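If you use numbering that gives the first Met the number 0, the sequence shown corresponds to residues 0 to 112, in order.
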Amino acid sequence: MTLILEFTIPSDVFPFGRAVSSENGGLVTLERLVPLGESRIPFLWVDRADYEEFEERLRASEIVKQFEALTRVDGSVLYYVEWYPEHETFLNGLYDAGATILKAEGDGTWEFA
């Protein structure tokens with residue numbers, strides 16, 4: 000049986016949301032890919048944001064090991080991010096339940112499908 004859920008949660012209720020949400024607006028979209036390694040959610044696009052503020056937020060986050068801005072396209076930036084997954088209980092819960100995130104984006108509130 001397959002079950003597809005769509006839900007919305009505020010960024011401030013889970014560590015990942017707090018780490019990547021910009022106080023100055025901007026949209027963060029998780030990049031869909033076929034996972035080949037252990038890293039969860041390694042790529043994300045950031046659009047319409049204060050990129051310096053976004054990167055400072057990543058540097059200050061307890062769940063971010065390291066990150067790199069890979070490319071810029073039409074005002075958006077693609078980031079590679081390595082996480083400390085033990086600090087992210089919400090996303091770990093989805094992973095442990097065998098869930099697959101088909102789509103996720105946030106700009107203060109996160110929408111998952």
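From the three backbone atoms N, C-alpha and C, an ideal C-beta is built for every residue, glycine too.
Please read these numbers as outputs of a predicted model, since none were measured by experiment.
Alpha carbon to alpha carbon, how far is Glu-51 from Gly-105?
Our two residues, Glu-51 and Gly-105, have alpha carbons roughly 18 Å apart in a direct line.
Compare the Cα-Cα distances from Gly-16 to each of Leu-101, Thr-99, Thr-70 and Leu-43 and report the closest residue.
Of the residues Leu-101, Thr-99, Thr-70 and Leu-43, the one whose Cα lies closest to the Cα of Gly-16 is Leu-43.
Could you give the distance in angstroms between the alpha-carbon of Asp-46 and the alpha-carbon of Thr-28?
8 Å
From the DSSP output, in three-state form, read off Phe-89 for me.
helix
Excluding sequence positions up to five away, which residues of its chain have a Cβ less than 7 Å from the Cβ of Ser-10?
Gly-16, Arg-17, Ser-20, Gly-105, Gly-107, Thr-108 and Trp-109
Count the other C-beta atoms from every protein chain shown that fall within 10 angstroms of the C-beta of Ile-40, then say buried if there are 16 or more, exposed otherwise.
buried
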